[in-house]
Each structure stands twice: as structure tokens, then as C-alpha cells.
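Down below is the structure, laid out as C-alpha cells.
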Amino acid sequence: MSTLLKAEKGKTLIPGQIVAAHGRHFLVRTEQHTNLNCITRGRKLDVVCGDIVDVNISTQDQGVIERVHPRSSLFKRADIFRSKPIAANVTQVAIMVAPRPSWSEDLLQRCLLAAESQHLPALIIANKADLPEHKTMLEALSGYPALGYPVISLCAKQGTGELVERLQGHLTLLAGQSGMGKSTLINALFPQADARVEAFSEALDSGRHTTTHSRLYQLNVNSGIIDSPGFQEFALAHLSRSDIEAAMPDFRPYHGQCRFRDCQHLSEPGCAIQQAVKAGLIAPQRLAFFHQVAKQNLR
Ligand SMILES: Nc1nc2c(ncn2[C@@H]2O[C@H](COP(=O)(O)OP(=O)(O)OP(=O)(O)O)[C@@H](O)[C@H]2O)c(=O)[nH]1
Ligand SMILES: [Mg+2]
Ligand SMILES: [Zn+2]
17 MSTLLKAEKG KTLIPGQIVA AHGRHFLVRT EQHTNLNCIT RGRKLDVVCG
67 DIVDVNISTQ DQGVIERVHP RSSLFKRADI FRSKPIAANV TQVAIMVAPR
117 PSWSEDLLQR CLLAAESQHL PALIIANKAD LPEHKTMLEA LSGYPALGYP
167 VISLCAKQGT GELVERLQGH LTLLAGQSGM GKSTLINALF PQADARVEAF
217 SEALDSGRHT TTHSRLYQLN VNSGIIDSPG FQEFALAHLS RSDIEAAMPD
267 FRPYHGQCRF RDCQHLSEPG CAIQQAVKAG LIAPQRLAFF HQVAKQNLR
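Start counting the sequence shown at 17; every next residue gets the next number (our numbering).
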């Protein structure tokens, strides 16, 4: 971000970062740490939490977003109807899971694909360590560090554990299903944040979608974290079959090694992926996951 005010066609534009997005209303923090309530010029301008923008200031605390700077990353999901951008310019993704309400390994893996497809490092936060079922969850997560995803165990209700170190120097997106404890962690990191937290529904075994908008919290000058609304599905319609394959770190060593160039890794002869599964080098559930996601993405 340049500290200089830029003059353009007689306007004074000032750079800032989107720290909250509520529909067409945005909160922009400037380098002078003032917050501006902004709208966009024109409906077409696509703005998301984390974006660096240029604002035309209209009053002391209001402005109009004129331009979005090029993004270093865009973490998103997408179904066949529309794209759902979640955060821009993040440099890592922390995916939170917890034993209660039930976590989904399918959703975790989809979220990891979304991170990998943007070349973002990811880590897994195994929350609610105070619950007895936490141990079983850790066992289920034991294969992930070997794929490059560290698993950090913590109890957000009691503190932040070793996580703070991992956040240094990054803009981290905190993502996960509803009710896993993301906003509880935000409150542990920022006691003044007062992010809304809600008990999950025991009857429905699901969170209550308490956080409705993403919000960026600054940890220090070069570190921040974005709390995001919990999801209950994670479609990846924007990724082609080969994008998905490229986003699976355990498949990468075998890329291009199947006998057939268009191998689907089902039961073709000379399939390097099937051979790796037989040799115990790829977990069978990872191949099953790949088939399940790939069959929804027929491109
Ligand atoms: N036992 C236990 N409960 C926790 C812990 N962390 C969070 N919770 C509880 O889990 C429930 C959901 O927490 P939230 O922080 O609102 O969850 P969230 O992930 O932000 O949910 P959404 O905003 O809906 O996505 C609350 O009742 C929290 O008190 C923990 O470490 N242990
Ligand atoms: Mg929340
Ligand atoms: Zn194959």
C-alpha cells in the first residue's frame, strides 16, 4: 500500500483494506488506522474482506470504493450458479474442526483443495480439546501432517495454545463449519473483539451460523486473521478435474505417470495412483475423496 495520496481525474484517492463486508456496505481501514464506511462505485465492482482498495473520501468517515488492487490470492467456493468469494490476499488458511457438533472430513478436505488451488499453505486447528471425543478426532487427523498440513490442538475456550506463533507475518483466513469455535478463538486472541459466539444445537448436531460476515482483525503490523461465517457445504465448481488433482499433495509425485494420459484412476491398467494406493503411499480414502469431488466436476 502506498502511503501517498493519489490524485486521479481531480479526485483524491486513499488506499485502505476491507476489514468487513456487509452486502454492499464495507468498512475500510486506512493506513492512518481510521475506519471508513464505504459503498462501491457501480454494482459490478467485486469487493471482499482483505481486499486493498482505493477510496474517494466523501466525509470524515465515509467514502466510495473506486478501485480494487490486484489480489495475491482469492479464497473462494463456487457452485454451478455463482462464485462465493470469502477472502482476498490471505497468505494462509487455518481450518478449524471440533468433535462437537460433528465435523466432516469431506468438508475439511474440500477446504484444503480450495487453499491449495490458490497455492496457500493450510493448517488444521483441532479445537475443543476439553471434550472426550477430541482424541478420536486427532486420530482421524493423524495422516494430515504428512500431506503438509500441521494439526494444532487447542481449547479456544481456554486460550490460543501455540497458534499465535503460526499467525505471525501472515494474513490468515480462519474457516470451518459452523459451531467449531472460530469466533471463540477470535475472542481469545482479541479480548476486546467481542465477536458473537453462540451455543450450537445439540438436537440438530450443527452450529447456528452465528457469524454472518467476514471480519479482519489485526494482530500486529504484519499479521492479521479473518473470522468467516461457518459453512455446511463447500462446492468447488470452479475447479476442473486436473485442478483438483494438482491440489492433492499426495497425488503430485505420480503426476503424468499413469499409462494413459486421460487416466481416471479407476481401474485402468498401469495407473500410478492405484499402484501408490496398493503400496500404502496414498490413503485409500484420499482416492475415494478424489473420485467423489471429481465426479461433480466433469470439466
Ligand atoms: N467445550 C468447548 N466448547 C467450545 C470451545 N470453543 C468454542 N466452544 C463452543 O462452541 C460453540 C460455538 O462457538 P462459536 O465460536 O460461535 O463457533 P463458530 O465456529 O464461530 O460458529 P459460526 O460463527 O456459526 O461459524 C459455543 O458454544 C462455544 O462456547 C472449546 O474449546 N471447548
Ligand atoms: Mg463465528
Ligand atoms: Zn491413473
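Idealized CB from N, CA, C, for every residue including glycine.
In the DSSP assignment, find the alpha helix (DSSP H) that holds residue i and state where it starts and stops.
i	result
L255	Note, L255: premise wrong, no alpha helix (DSSP H); not H, not E.
H85	Counting along the chain, H85 falls outside any alpha helix (DSSP H), and DSSP gives it neither H nor E.
F305	300-312
K294	288-294
Once DSSP output is grouped into helix, strand and coil, what is the label at residue i?
i	result
F247	strand
H135	coil
N203	helix
P148	coil
Q273	coil
P31	strand
D122	helix
K173	coil
T19	Any reading at T19 needs caution, since the residue's pLDDT is 42, under 50, leaving its predicted position unreliable; the model's value is listed next. Coil, per DSSP.
V63	coil
L187	strand
L220	coil
Rounded to whole angstroms, what is the Cα-Cα separation between residue i and residue j?
i	j	result
A295	A288	10 angstroms
F97	E249	14 angstroms
V309	D266	16 angstroms
R126	R45	31 angstroms
K27	V71	10 angstroms
V69	L232	15 angstroms
L187	V180	12 angstroms
Q174	H229	25 angstroms
V167	S158	8 angstroms
R257	T75	49 angstroms
T19	A251	The predicted model places T19 with a pLDDT of 42, which falls under 50 and marks its position as unreliable, so this point remains unresolved.
P300	A253	24 angstroms
Quick check: is any heavy atom of ligand 3 less than 8 angstroms from the C-beta of residue i?
i	result
A288	yes
Sorry if obvious, but does the Cβ on residue i come closer than 8 angstroms to a heavy atom of ligand 1?
i	result
G177	no
P148	no
L61	no
R45	no
T188	no
Starting from residue i and walking both ways along the beta strand (DSSP E), at which residues does that stretch end?
i	result
L52	51-56
G101	It should be pointed out that residue 101 corresponds to Pro in this sequence rather than to Gly. Note, P101: beta strand (DSSP E), 99-104.
K231	Residue 231 is actually Arg in this sequence, not Lys. Start and end: 231-236.
V71	68-75
A94	90-94
V113	108-113
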